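To start, the structure under review is shown below, and the notes come after it.
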Amino acid sequence: MTAKLKLTNGELVVPEMSVIGKTIDQATQGYVADVITVTTTFAALQTVEGTPGWGYFKNLDSSNNIYLGAADTQYTVLLKPGESAVFRCAAALGCDAGAGTPLLQYVIFED
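Read left to right, the sequence shown gives residues 1 to 111 (the numbering used here).
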């Protein structure tokens, strides 16, 4: 799994840097992947049978935010339209939308 970060904002330019270069070493093989419609009501994401590990999440919508977190109203991740995130999942996750019914693409690997 590889991710890079680069920022350009007017005269401010942060050079491209590799922020994640991780080979996933699973104790148990497996993953779950899906594209779901997110509503404004908190709903749990389908996850792996064992311990969740690394996850990739992308908001496929063009105008609505998606919030991810461990429980309703305890959000730790905000995905604005078109944004994606890669992080290690410490527990099962859920999501809801700020408005509308955006699509969330995600994959969660077994740890």
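Think of the CB as a built atom: it goes at the ideal place given N, C-alpha and C, for glycine as much as any other residue. Owing to the predicted nature of the structure, the values given are computational and were not obtained by experimental measurement.
If you compare the alpha carbons of 23, 107, 10 and 65 with that of residue 92, the shortest gap goes to 107. If you draw a 10 Å sphere on the C-beta of residue 102, you find 16 or more other C-beta atoms in it, and that means buried. A direct Cα-Cα distance of roughly 8 Å separates residue 24 from residue 54. Take residue 38, set aside five residues on each side of it, and the residues of its chain with a beta-carbon closer than 6 Å to its own are 66, 95, 97, 102 and 104, in chain order.
The three-state secondary structure of residue 95, taken from DSSP, is strand.
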